[in-house]
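See structure below.
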């Protein structure tokens, strides 16, 4: 399969087709020099898509690190003030829990784009991201690295429709996105809810799905039966004074309403009223 030409100067040119394989090879390469760096000198990756971590798994890893140490070094790059993490967020967090002062690390010379690609693509390929974290990662890749959806799909081993459907989740109301982050709803539930235009109805069904343990099919059935259809506004009939209203509104730069017995001119305050009075020559000179 040909490599996307648009990525010629990115990771594809130096890492090959699989960032996942590249990271593993780099971490396990016996020829790479591993340094013991002070944990306090290492900052988290600013491009890390994962917002939540399983605290129990972090604690389990911390216990393993206390007993056996960190078996695979993390990957960092030098910054103006210490180091920035590229890969190995869980190991770094667990080492802090284990109260370690140093951690083995491989220092590589990455620019911002390379660092961003590793952070986003490696997490998508290797980590158990929530649907929203995954969707946000895809969105960042598309916006910041100028990938097309087709290129992105090939890079992460997904189909184009899968990428499109994931990105649609970002249109969900904030309350539903938070439920997905907490794993109170599944990706299937989210796909059923994203088709509901009325936000309040979507939130209500999401909460019902979580509370009552509804299946995706049940949500689909409920949404098709109970989705609120917004009534179309009836087109206002054109009055016999519409043309005159339009002329006056253009002249006065404000809303004007005319009927058979009166003219109503809208204004927003005393200054606006004085402006209108001056326009119609009603102010004392």
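In this note's numbering, the protein residues as written are 14 to 298. C-beta: ideal position from N, C-alpha, C; glycine also.
- Every alpha helix (DSSP H) stretch that sits fully inside the segment 194-231 and reaches 4 residues is listed by chain position as 200-206, 212-225.
- Of the residues 170, 219, 283, 162, the one whose Cα lies closest to the Cα of residue 187 is 219.
- Counting only the Cα atoms, residue 60 lies some 8 Å from residue 128.
- By the Cβ criterion, the segment 80-91 is in contact with the segment 108-121, since at least three pairs of Cβ atoms, one from each stretch, lie closer than 8 Å.
- Residue 185 is not a Cβ neighbour of residue 143, given a cutoff of 8 Å.
- Per DSSP, residue 97 lies in no alpha helix (DSSP H); the unbroken beta strand (DSSP E) holding it starts and ends at 95-100.
- Distance from the Cα of residue 233 is smallest, within the candidate group 295, 254, 209, 252, for 209.
- Between the beta-carbon of residue 89 and that of residue 97 there is about 6 Å, and that keeps the pair under the 8 Å contact cut.
- For residue 269, the secondary structure class from DSSP, reduced to helix, strand or coil, is strand.
- One Cα belongs to residue 91, the other to residue 125, and the distance between them is close to 12 Å.
- Pairing residue 49 with residue 131, the inter-Cα distance amounts to about 22 Å.
- Rounded to the nearest angstrom, the Cβ distance from residue 152 to residue 180 is 6 Å, consistent with a contact under 8 Å.
- When secondary structure is reduced to three states using DSSP, residue 283 falls in the helix class.
- If the five residues before and after residue 54 are omitted, its C-beta is found closer than 7 Å to the C-beta atoms of 95, 96, all from its own chain and listed in chain order.
- Here residue 107 is near residue 74, since their CB atoms are less than 8 Å apart.
- The beta carbon of residue 286 sits closer than 7 Å to the beta carbons of 280 from its chain, once the five residues preceding and following it are set aside; these are given in chain order.
- By the neighbour-count criterion, in which 16 or more other beta carbons inside 10 Å mark a residue as buried, residue 81 falls on the exposed side.
- For residue 282, the closest alpha carbon among the candidates 109, 57, 216, 267 is that of 267.
- DSSP places residue 59 in no alpha helix (DSSP H); its state is neither H nor E.
- Here the alpha carbons of residue 202 and residue 159 stand approximately 30 Å from one another.
- Annotation for residue 155: the continuous alpha helix (DSSP H) segment containing it runs 144-158.
- Judged by DSSP in its simplified three-state form, residue 169 adopts helix.
- Burial is judged here by how many other beta carbons sit within 10 angstroms of a residue's own beta carbon; residue 257 has fewer than 16 and is exposed.
- Judged by their CB atoms, residue 72 and residue 110 are nearer to each other than the 8 Å cut-off.
- Shown here, residue 111 sits in coil according to DSSP, grouped into three states, outside any helix or strand.
- When only Cα atoms are considered, residue 236 and residue 205 end up about 8 Å apart.
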